[in-house]
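*Asks:* Right, I'll just put the structure down here and ask away after.
In the UniProt record's numbering, the protein residues as written are 1 to 380.
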């Protein structure tokens, strides 16, 4: 039997038809050390695990702590044949880091819970396409994927951003409705583009027919009439040799409507000047995307706010940058205390996030969330 290791929400490894439980780890302040040890698990338990299934966020965290891959070289991962990623798009720098250090088959696949099956991916045995870092390769059999514009016309032009929609009927794995709410099901998924399921994501096909999933439709920035993908800007920032994580959000602007603001995390032990680093980031965006991106602001933070499954809380960052009150801290947040630190970073950066005295993140609110999560960790 082939063994696969699945690393997901709480970094536990679970049993199902394709996986073998190896360890159950609760996340804590030591979680990054545990993330790095995910590769060592393969050696410790000597189970000859062939496949690793994880989220790009976890791999970026490994890259942050071990940018040269020295820890990986010390680990026996000779049995590992492939790494599959899901949950978000894997940026090109992280993809290339994995490829250079692991030298195994990499499958950055695209799927959604609502679909119940992989929409687009590469294939190990059926047919293996040449890899393209940053893409989800080709739509899976049974899926007819089109890129639509705002008027629901099919975009045939390569590399042009649009809505990712799947032509009906969908494969049998697709859900039939929302529980006790057929109307909401139609409104959310089927009404906007008749004859299609709307994924809520935006992306494009390249000249070779490879699907590139960029970001959620809600995360597209409209700057002076130009639609920009936050994921594209984030990927450009990650091309800087000192940056290991990035998040880009839209800040309200009276002149251009919205402008992009970047948050970046630098690798451990890197010495830098914040102003110079920002200038370098601006230069990278101008070179790779162009002046049309209107990218001028980049804030260095120690950590990005994330859910326990590793997704960046961009909506929370956006409200903070716009100086709006965080009405409720998401209960799924990994470490709520990071918000106060980021709030200070924003306030120290040219006045971003200046708020009324009533507009604060209450310490007891943070302690309550962290306390509840501590109980959950202890239980596991």
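Built from N, CA and C at the ideal position, the CB exists for glycine as well.
(1) Hey, would you say residue 301 sits closer than 8 angstroms to residue 265, going by beta carbons?
(2) Do residue 220 and residue 201 come within 8 angstroms of each other at the CB atom, strictly closer than that value?
(3) For residue 307 and residue 333, which I take to be in contact (beta-carbon distance under 8 angstroms), what is that distance rounded to the nearest angstrom?
(4) At the level of alpha carbons, what is the spacing between residue 321 and residue 346?
(5) Taking the beta carbon of residue 182 as the centre, do at least 16 other beta carbons fall within 10 Å, making it buried, or is it exposed?
(6) Taking 8 angstroms as the cut-off, decide whether the C-beta atoms of residue 95 and residue 108 are in contact.
(7) Assuming contact is defined by CB atoms lying nearer than 8 angstroms, are residue 106 and residue 59 in contact in what I supplied?
(8) May I have the straight-line CA-CA distance separating residue 132 from residue 254, to the nearest angstrom?
(9) Any contact of the segment 231-245 with the segment 273-289, i.e. 3+ C-beta pairs under 8 angstroms?
(10) Going by the CB atoms, is the gap between residue 135 and residue 210 shorter than 8 angstroms?
(11) Name the DSSP beta bridge partners of residue 247, please?
(12) Using three-state DSSP, classify residue 294 as helix, strand or coil.
(13) Can you grab the Cα-Cα spacing for the pair residue 121 / residue 344, in whole Å?
(14) How would you label residue 61, buried or exposed, when you count the other beta carbons within 10 angstroms and need 16 or more for buried?
(15) Determine, using beta carbons only, whether residue 294 and residue 259 come nearer to each other than 8 angstroms.
(16) Work out the CA separation of residue 90 and residue 25 for me, nearest whole Å.
(17) Ignoring anything shorter than 4 residues or poking outside the UniProt domain "AMP-dependent synthetase/ligase" (44-169), list the alpha helix (DSSP H) runs there in chain order.
(18) Work out the CA separation of residue 49 and residue 228 for me, nearest whole Å.
(19) Following the continuous beta strand (DSSP E) through residue 228, name the residue where it begins and the one where it ends.
(20) To the nearest whole angstrom, what separates the beta carbons of residue 51 and residue 81, a pair I think is in contact under 8 angstroms?
*Replies:* Taking the geometry as given:
(1) As a position in the chain shown, residue 301 is number 301, starting the count at 1. As a position in the chain shown, residue 265 is number 265, starting the count at 1. Yes; because the gap between Cβ atoms is below 8 angstroms, this pair is in contact.
(2) As a position in the chain shown, residue 201 is number 201, starting the count at 1. As a position in the chain shown, residue 220 is number 220, starting the count at 1. No; because the gap between Cβ atoms is not below 8 angstroms, this pair is not in contact.
(3) Working through the chain shown from its first residue, we reach residue 307 at position 307. Working through the chain shown from its first residue, we reach residue 333 at position 333. Between residue 333 and residue 307 the Cβ distance is about 6 angstroms, and since that is below 8 angstroms, they are a contact.
(4) Stepping through the chain shown from its first residue, residue 321 is reached at position 321. Stepping through the chain shown from its first residue, residue 346 is reached at position 346. If you draw a straight line from the Cα of residue 321 to the Cα of residue 346, it is about 7 angstroms long.
(5) What you label residue 182 is simply residue 182 of the chain shown in a count that begins at 1. It is exposed - the Cβ of residue 182 has fewer than 16 other Cβ atoms within 10 Å.
(6) For this step, residue 95 is matched to residue 95 along the chain shown. For this step, residue 108 is matched to residue 108 along the chain shown. Their beta carbons are under 8 angstroms apart, which means residue 95 touches residue 108 by this criterion.
(7) Counting from 1 along the chain shown, the entry for residue 106 is found at position 106. Counting from 1 along the chain shown, the entry for residue 59 is found at position 59. When the beta-carbon positions are compared, residue 106 and residue 59 stay at least 8 angstroms from each other.
(8) The residue you call residue 132 lines up with position 132 of the chain shown. The residue you call residue 254 lines up with position 254 of the chain shown. Taking the straight line joining both Cα atoms gives about 39 angstroms.
(9) Contact between the segment 231-245 and the segment 273-289 is present, because at least three Cβ pairs lie under 8 angstroms.
(10) The count along the chain shown starts at 1 and reaches residue 210 at position 210. The count along the chain shown starts at 1 and reaches residue 135 at position 135. Their beta carbons are under 8 angstroms apart, which means residue 210 touches residue 135 by this criterion.
(11) Taking the chain shown and counting its residues from 1, one reaches residue 247 at position 247. Looking at the DSSP assignment, residue 247 forms a beta bridge with 263.
(12) If you number the chain shown from 1, residue 294 lands on position 294. Note: residue 294 maps to coil in three-state DSSP.
(13) As a position in the chain shown, residue 121 is number 121, starting the count at 1. As a position in the chain shown, residue 344 is number 344, starting the count at 1. Taking the straight line from one Cα to the other gives about 41 angstroms.
(14) The residue given as residue 61 occupies position 61 in the chain shown. Around the C-beta of residue 61, 16 or more other C-beta atoms lie within 10 Å, and the residue is accordingly described as buried.
(15) Reading the chain shown from its first residue, position 294 is the one you call residue 294. Reading the chain shown from its first residue, position 259 is the one you call residue 259. The Cβ-Cβ distance between residue 294 and residue 259 falls below 8 angstroms.
(16) Taking the first residue of the chain shown as position 1, residue 25 is located at position 25. Taking the first residue of the chain shown as position 1, residue 90 is located at position 90. Its pLDDT being 33, under 50, residue 25 is placed unreliably in this model, and the value from its coordinates should be taken loosely. Their Cα atoms are separated by approximately 24 angstroms.
(17) The UniProt domain "AMP-dependent synthetase/ligase" (44-169) contains these whole alpha helix (DSSP H) runs: 56-65, 70-74 and 92-102.
(18) Mapped onto the chain shown, residue 228 falls at position 228. Mapped onto the chain shown, residue 49 falls at position 49. Taking the straight line joining both Cα atoms gives about 40 angstroms.
(19) Position 228 of the chain shown holds residue 228. Start and end: 226-229.
(20) Start at 1 with the first residue of the chain shown, and residue 51 comes out as number 51. Start at 1 with the first residue of the chain shown, and residue 81 comes out as number 81. About 6 angstroms; that satisfies the 8 angstroms criterion.
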